[in-house]
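**Q** Read in order, the letters of the sequence shown are residues 1 to 290 in full-length UniProt numbering.
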Amino acid sequence: MLPLEFLTNEVLVPLKGLIAHELAERGYSQSRIGLLLGISQPAVSAYLKSPKAHYEERLLRILDRRELSRLIRSLTALVEYASAEEFLRYINNFSLGLLSSLRLCPLHRTAYPELLGCDICKDIQVYTETTKSVETAFEILKRCENCYKLVPKVLMNIVELGPEGGVGFPGRIHVEGTQLAAKGKPKPGASRFLTSLLEEVNKLRPEIKAVANIAYLARTCVGEKFAAAEVGPSNSEEEIISNIASAFRSSVYDVIYDKGGEGIEPNAYVFGADAVDVATKLLEIAKCIK
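(1) Asn-213 and Tyr-269 - do their beta-carbons sit closer together than 9 Å?
(2) Specify the secondary structure class of Phe-271 as computed by DSSP and reduced to three states.
(3) Give a yes or no on whether the C-beta atoms belonging to Asp-258 and Arg-70 are separated by under 9 Å.
(4) Which residue or residues does DSSP assign as beta-bridge partners of Asn-213?
(5) Would DSSP call Val-44 helix, strand or coil?
(6) Does Pro-186 pass the burial test, meaning 16 or more other C-beta atoms within 10 Å, or should it be called exposed?
(7) Can Val-151 and Ser-191 be called in contact, C-beta distance under 9 Å?
(8) Determine the extent of the beta strand (DSSP E) in which Tyr-257 is found, giving its start and end residues.
(9) So if DSSP puts Ile-158 in a beta bridge, which residue, or which two residues, is it bridged to?
(10) Have a look at Leu-59 and Thr-76 and give me their C-alpha separation to the nearest angstrom.
(11) Which word fits Met-1, buried or exposed, when buried means at least 16 other C-beta atoms lie within 10 angstroms of its C-beta?
(12) In terms of residues, what are the limits of the alpha helix (DSSP H) holding Gln-30?
(13) According to the Cβ coordinates, are Ile-140 and Leu-197 closer than 9 Å?
(14) Please report how far the alpha carbon of Leu-116 lies from the alpha carbon of Val-13, in whole angstroms.
(15) Can you look up Glu-262 in the DSSP assignment and give me helix, strand or coil?
(16) Between the alpha carbons of Ser-83 and Glu-135, how many angstroms are there, rounded?
(17) Where Arg-143 and Tyr-253 are concerned, what is the direct C-alpha to C-alpha distance, given to the nearest angstrom?
(18) Quick one: what's got a C-beta closer than 8 Å to Val-11's C-beta in the same chain, skipping five residues either side?
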């Protein structure tokens, strides 16, 4: 079996099944799920006949539970808040990235022992445009009813590390009425502080490549949804970076609250594998705000 066929059987099929269950739990009809996933209603029905745990067990042979949770949250948000093109782009890049990282090789070799020593998938090149990733994250947030309440007095930004450095919105993200808005498109070098913070965290936790700053709120509720911690006081941007980086030396966090300090507004910092991952966490945090 070709690697792409193996990828389809072992990753894409159970992934579709799991997403179908997630959307069904949110009240979507089978016809609507089929339209969103690009499959027929009978195909959706077939996916839903197998229990959700069946698909999770298959995927957990390849992904750890945290990574799987992140992936499903991101894909579900893209289905609900972004275009079909962005959903396909994300799942395509993730899938090809699995192949090129050679993470599927042990499972593939178990099924096909004659592949011992095979590493042909290392030749796959995956190109992900960081600017597009940040734009997609912002499109998700613009469709969020409560996300404007997350913007702190110093305004908000979302930054992702790419080959060109940290990519974010120049002038930051602000509020117009009850909607998030930004001047211009994301570009490299748009947020020196968040880029510096992200670079320090990325040195300790390479899987973290994106961050957003939000208002210091809903700490108890957020702590029930995500791995969260508090640091500070921090009396300068340098101290914020140092304090947050120190927290990541002992564990991995989704959200870190910084108490602020003299002349420094308290903020929370939401971290993720990419900008879309961060945006989906912001959607969940926004649900904590009444």
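Where a beta carbon is used, it is the ideal one built from N, C-alpha and C, also for glycine.
Treat the numbers as computed from the prediction; the structure is a model and nothing was measured.
**A** With the structure as the only source:
(1) Counting from 1 along the sequence shown, the entry for residue 269 is found at position 269. Counting from 1 along the sequence shown, the entry for residue 213 is found at position 213. Yes. Within cutoff.
(2) Taking the sequence shown and counting its residues from 1, the one referred to as residue 271 is at position 271. The DSSP-derived three-state label of Phe-271 is strand.
(3) Within the sequence shown, residue 258 is the residue found at index 258, counting from 1. Within the sequence shown, residue 70 is the residue found at index 70, counting from 1. The answer is no: Cβ separation not under 9 Å.
(4) Position 213 of the sequence shown, counted from the start, is the residue given in the question as residue 213. Paired residues: Tyr-269.
(5) Within the sequence shown, residue 44 is the residue found at index 44, counting from 1. Reduced to three states, the DSSP call for Val-44 is helix.
(6) Locating residue 186 in the sequence shown gives position 186, counting from the first residue. Buried, because 16 or more other Cβ atoms sit within 10 Å of the Cβ of Pro-186.
(7) Within the sequence shown, residue 151 is the residue found at index 151, counting from 1. Within the sequence shown, residue 191 is the residue found at index 191, counting from 1. Cβ distance not < 9 Å, so Val-151 and Ser-191 don't count as in contact.
(8) Along the sequence shown, one-based indexing puts residue 257 at 257. For Tyr-257, the enclosing beta strand (DSSP E) has its first and last residue at 255-258.
(9) Numbered from 1 along the sequence shown, position 158 holds the residue referred to as residue 158. Beta bridge pairing from DSSP links Ile-158 with Ala-212.
(10) For this step, residue 59 is matched to residue 59 along the sequence shown. For this step, residue 76 is matched to residue 76 along the sequence shown. So the two alpha carbons sit approximately 16 Å from each other.
(11) For the purposes of this step, residue 1 is taken as residue 1 along the sequence shown, with counting starting at 1. Met-1 is exposed by the Cβ-count criterion.
(12) The residue you call residue 30 lines up with position 30 of the sequence shown. Unbroken alpha helix (DSSP H) run through Gln-30: 30-37.
(13) To locate residue 140, count along the sequence shown from 1; it is residue 140. To locate residue 197, count along the sequence shown from 1; it is residue 197. Between Ile-140 and Leu-197, the gap from beta carbon to beta carbon reaches 9 Å or more.
(14) Position 116 of the sequence shown holds residue 116. Position 13 of the sequence shown holds residue 13. Distance from the CA atom of Leu-116 to the CA atom of Val-13, rounded to whole angstroms, is 25 Å.
(15) As a working mapping, residue 262 is identified with position 262 in the sequence shown. In the three-state scheme derived from DSSP, where H, G and I count as helix and E and B as strand, Glu-262 is classed as coil.
(16) Within the sequence shown, the letter at position 83 stands for residue 83. Within the sequence shown, the letter at position 135 stands for residue 135. It is roughly 12 Å from the alpha-carbon of Ser-83 to the alpha-carbon of Glu-135.
(17) As a first step, residue 143 must be located in the sequence shown, where it is residue number 143. As a first step, residue 253 must be located in the sequence shown, where it is residue number 253. In a straight line, the C-alpha of Arg-143 is about 26 Å away from that of Tyr-253.
(18) The sequence position of residue 11 within the sequence shown is 11, counting from 1. So the list reads Leu-59, Ile-62, Ser-95, Leu-98, Leu-104, once near-sequence residues are dropped.
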